[in-house]
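Trainee: Each position in the sequence shown, counted from 1, maps to that position plus 167 in our numbering.
No residue lacks a Cβ here, since even glycine has one placed at the ideal position from N, Cα and C.
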Amino acid sequence: MNKTKEYVYEVSEHSTDMRYFEIVSDKKLTESEILDAICLPNISKEGDCEKDGGITSTFKWTDFGDDSQMEVDSGDVEEENHE
168 MNKTKEYVYE
178 VSEHSTDMRY
188 FEIVSDKKLT
198 ESEILDAICL
208 PNISKEGDCE
218 KDGGITSTFK
228 WTDFGDDSQM
238 EVDSGDVEEE
248 NHE
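1) Return helix, strand or coil for residue 203, following the three-state DSSP convention.
2) Less than 8 Å between C-beta atoms, sequence neighbours within five positions excluded: which residues of the same chain meet that for residue 196?
3) Spell out the partners DSSP gives residue 218 in its beta bridges.
4) Looking at C-beta atoms only, is the number of pairs between the stretch 173-182 and the stretch 207-224 that lie closer than 8 Å three or more?
5) Just to confirm, are residue 224 and residue 207 a CB contact at a threshold of 7 Å?
6) Quick check on the burial criterion: 16 or more other C-beta atoms within 10 angstroms. Buried or exposed for residue 226?
7) Who are the Cβ neighbours of residue 241 in its own chain at under 6 Å, not counting the five residues just before and after it?
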């Protein structure tokens, strides 16, 4: 039986995305409370709104970064032939 060799690569990709929220509160918030508030809505759904106490947090949209960078973290990479 002829077994095919398998290659496994661990790859990470990163870019800078900007997520926009609107937070409405019945009191002045600390930075920590604002951080907690942006964790309330579902960031997969534009317009998702969640309330917690006197805080209403709405996820508005994501502006996706356009300069992503890739890094092969592990794996045996074949060199490219640039002729």
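Mentor: In terms of the structure at hand:
1) Position 36 of the sequence shown holds residue 203. Helix.
2) One-based indexing of the sequence shown puts residue 196 at position 29. The residues are 190, 204 and 222.
3) Along the sequence shown, one-based indexing puts residue 218 at 51. Looking at the DSSP assignment, residue 218 forms a beta bridge with 223.
4) no
5) Walking along the sequence shown from the start, residue 224 turns up at place 57. Walking along the sequence shown from the start, residue 207 turns up at place 40. Cβ distance < 7 Å, so residue 224 and residue 207 count as in contact.
6) On the sequence shown, position 59 is the one that residue 226 refers to. It is buried - the Cβ of residue 226 has at least 16 other Cβ atoms within 10 Å.
7) Within the sequence shown, the letter at position 74 stands for residue 241. Once the five neighbours on either side are set aside, the close Cβ partners of residue 241 are 177.
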